[in-house]
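Just below is one structure, and these are the notes that go with it.
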């Protein structure tokens, strides 16, 4: 049975300020909780008998068995899924400068929709991109919506938050910084390195001027037909995926 | 001023059965409403003075001027945007067989999330794919959430709903039917035609057995590194985008 205090704590973790003051975040469902358990330490786990009979968790974890009704009271999901875990949050303010510059790193400049951010983290995981550097205005990667949209990838992809212009100003010279712009070069006809930074911008405004001045390679995903005059655009998670896929496609040639 | 009857009508259009019985759907915001007005006939438009001063609409359209407060009472958006229009809905049960088979057509087999469907329609528009054939179990393209997620692309992309196995059974022989499967061929190393059908499956279960037997070309979007043993997957809207992008990329070679 779940105490009122724990129920209140869980519900409070919907808000960023509470996640930060408590140092905790929530994940739900057998797939996501299962993916996170090897990477993050659980503070406690709320689960139905169904999950407890097959779920694996570290010894000495506090387990609270609940009914489906109790779970639905605490869950952030429309359809609660057997288990909800409260995890210790990693330090996302750790310096982005500690991220190695080998391989590809994603940089997000004020991506605001939690669903987009979660999908971007999941996509980065698929394409072997293990580091994402976010502007302070980017959605919080540990909100319940984002964690669920990552489908567990938040376990394998490191996310940090920093002031992007200062970060770029301190980058070693010659580091390729890619970004997509309407006036960019056709991505399919441009050289792409397997080392560097890929910057993606805000849903409405794209990459901010303060960041775009650090982009060394401006790219463009052409519509079809290529000369289509269009007022349209691609969703930022879609543009991120097509860009990352194209970087990795080059390794098959 | 908005009458209670109209307010009630608008709110009722959140549900598919009401959209079908009324033959109406809702779109919001200057961008989306502006994109739809040349394609769909508005039944009436609810707008603030800001929009009325610059928005264009057909003569004889019933216009209801409201305050921001009134608009927020009727809007489906967290942040209402100046205008909400109620449009006559096209007939989505029109036979899929009337869609021409030249060019590329998307086929969705039970895509259930409205956000995914809206993003897929928006992406199809970018890549010049103007036809989407949906299974009966796919989310309704005219729900408020989907319409908003298309960002206006629902104006240019035709969507219809049909029984997919019967549709495929009646396809002309030799029509290429592409689909993504875990056991498919590396999409980057497989011949792709600019004519044919691209099938995408349900979020949890992929393409159903009843449909997959009609797929003639099984494709796979490789992760990175290509031999990564991963229990992960890509979101269906992301997989759709990478697949469509790859079809169109071939036209640049």
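Chains as they are written, first to last, in the numbering used here: chain A, 6 to 258; chain B, 6 to 258.
Idealized CB from N, CA, C, for every residue including glycine.
Return helix, strand or coil for residue 178(A), following the three-state DSSP convention. Translated into the one-based positions of the first chain, residue 178(A) becomes position 173. Residue 178(A) falls in the coil class under three-state DSSP.
Assuming residue 203(B) is part of the beta strand (DSSP E), what are its boundary residues? Mapped onto the second chain, residue 203(B) falls at position 198. Residue 203(B) -> beta strand (DSSP E) spans 201 to 205.
Should residue 237(A) be flagged as near chain B, meaning a C-beta pair shorter than 8 Å? Along the first chain, read from residue 1 onward, the residue named residue 237(A) stands at position 232. It does; some Cβ of chain B falls within 8 Å.
Could you check if residue 59(A) is buried or exposed, using at least 16 other CB atoms within 10 Å of its CB as the buried criterion? The residue labelled residue 59(A) in the question sits at position 54 within the first chain. Residue 59(A) comes out exposed.
From residue 228(A) to residue 28(B), what distance separates their C-alpha atoms? Within the first chain, numbered from 1, the residue matching residue 228(A) stands at position 223. Within the second chain, numbered from 1, the residue matching residue 28(B) stands at position 23. Distance between the alpha carbons of residue 228(A) and residue 28(B): 33 Å.
Taking only three categories from DSSP, how would you classify residue 214(B)? Reading the second chain from its first residue, position 209 is the one you call residue 214(B). Looking at residue 214(B) - three-state DSSP - the assignment turns out to be helix.
Does the distance from the C-beta atom of residue 144(B) to that of residue 124(B) stay below 8 Å? In the second chain, counting from the first residue as 1, residue 144(B) sits at position 139. In the second chain, counting from the first residue as 1, residue 124(B) sits at position 119. Annotated as distal: residue 144(B) and residue 124(B), with beta-carbon spacing of 8 Å or more.
Cβ of residue 30(A) within 8 Å of Cβ of residue 81(A)? Counted from its first residue, the first chain places residue 30(A) at position 25. Counted from its first residue, the first chain places residue 81(A) at position 76. Not a contact, by the Cβ cut-off of 8 Å.
Compile a chain-ordered list of the residues in the region 140 to 163 of chain B whose CB is closer than 9 Å to at least one CB of chain A. 154, 156, 157, 158, 161
Does the distance from the CB of residue 242(A) to the CB of residue 243(B) come in under 8 Å? Residue 242(A) sits at position 237 when you count from the first residue of the first chain. Residue 243(B) sits at position 238 when you count from the first residue of the second chain. Their beta carbons are under 8 Å apart, which means residue 242(A) touches residue 243(B) by this criterion.
Between the alpha carbons of residue 238(B) and residue 176(A), how many angstroms are there, rounded? The sequence position of residue 238(B) within the second chain is 233, counting from 1. The sequence position of residue 176(A) within the first chain is 171, counting from 1. So the two alpha carbons sit approximately 33 Å from each other.
Which two residues bound the contiguous alpha helix (DSSP H) that contains residue 38(A)? Along the first chain, one-based indexing puts residue 38(A) at 33. Start and end: 35 to 41.
Would you mind stating whether residue 109(B) and residue 126(B) have Cβ atoms separated by less than 8 Å? As a first step, residue 109(B) must be located in the second chain, where it is residue number 104. As a first step, residue 126(B) must be located in the second chain, where it is residue number 121. No, the pair does not count as a contact, with Cβ atoms beyond the cut-off.
Are the C-beta atoms of residue 228(A) and some chain B residue less than 8 Å apart? Reading the first chain from its first residue, position 223 is the one you call residue 228(A). So, interface residue.
May I ask which residues mark the beginning and end of the alpha helix (DSSP H) holding residue 110(B)? Within the second chain, the letter at position 105 stands for residue 110(B). Residue 110(B) -> not in any alpha helix (DSSP H); beta strand (DSSP E) instead, spanning 109 to 113.
Between the region 56 to 78 of chain B and chain A, which residues of the former have CB atoms less than 8 Å from a CB of the latter, in chain order? none
Which residues, in order along the region 123 to 141 of chain B, keep a beta-carbon less than 7 Å from a beta-carbon of chain A? Listed by position along the chain: 124, 127, 128, 130, 131, 132, 133.
Does any CB atom of chain A fall closer than 8 Å to the CB of residue 247(B)? Numbered from 1 along the second chain, position 242 holds the residue referred to as residue 247(B). Yes, contact with chain A.
List the residues of chain B whose Cβ lies closer than 8 Å to the Cβ of residue 120(A), in chain order. As a first step, residue 120(A) must be located in the first chain, where it is residue number 115. Within chain B, the residues near residue 120(A) are 120.
Using a Cβ-Cβ distance under 8 Å, would residue 104(B) count as near chain A? Residue mapping note: residue 104(B) aligns to position 99 of the second chain, counting from 1. So, not an interface residue.
Starting from the C-beta of residue 152(B), find all residues in its chain whose C-beta is less than 6 Å away, skip the five residues before and the five after it, and write them out in chain order. Taking the first residue of the second chain as position 1, residue 152(B) is located at position 147. Closer than 6 Å at the Cβ level, and outside the excluded window around residue 152(B), lie 32, 159.
Which of the three DSSP states, helix, strand or coil, is assigned to residue 123(B)? Position 118 of the second chain, counted from the start, is the residue given in the question as residue 123(B). Three-state DSSP puts residue 123(B) in a helix.
So, are the CB atoms of residue 217(A) and residue 115(A) less than 8 Å apart? Against the first chain, residue 217(A) aligns to sequence position 212. Against the first chain, residue 115(A) aligns to sequence position 110. Going by C-beta atoms, residue 217(A) is not nearer than 8 Å to residue 115(A).
For residue 167(A), does the three-state DSSP call read helix, strand or coil? As a working note, residue 167(A) is residue 162 in the first chain. If DSSP states are grouped into helix, strand and coil, residue 167(A) belongs with the strands.
Taking a cut of 8 Å between CB atoms, which residues from the region 173 to 191 of chain B lie near chain A? 191
Which of helix, strand or coil does DSSP assign to residue 79(B)? The residue you call residue 79(B) lines up with position 74 of the second chain. Three-state DSSP puts residue 79(B) in a helix.
With 8 Å as the threshold, decide whether the Cβ of residue 207(B) is near any Cβ in chain A. Translated into the one-based positions of the second chain, residue 207(B) becomes position 202. False, the Cβ-Cβ gap to chain A never drops below 8 Å.
Spatial neighbours of residue 182(B) within its chain, please: C-beta separation below 6 Å, excluding the five flanking residues on both sides. The residue given as residue 182(B) occupies position 177 in the second chain. So the qualifying residues of the chain are 202, 219, 220, 221.
If residue 75(B) and residue 52(B) are in contact, beta carbons under 8 Å, what's the gap, nearest whole angstrom? Here residue 75(B) corresponds to residue number 70 of the second chain, with the count starting at 1. Here residue 52(B) corresponds to residue number 47 of the second chain, with the count starting at 1. Actually they do not touch by this definition, with Cβ atoms about 10 Å apart.
Buried or exposed: where does residue 90(B) fall if 16 or more other Cβ atoms within 10 Å of its Cβ makes it buried? Stepping through the second chain from its first residue, residue 90(B) is reached at position 85. Buried, since its Cβ has 16 or more Cβ neighbours within 10 Å.
Chain A contact residues for residue 254(B), given Cβ-Cβ distances below 7 Å: Residue 254(B) sits at position 249 when you count from the first residue of the second chain. The contacting residues are 193.
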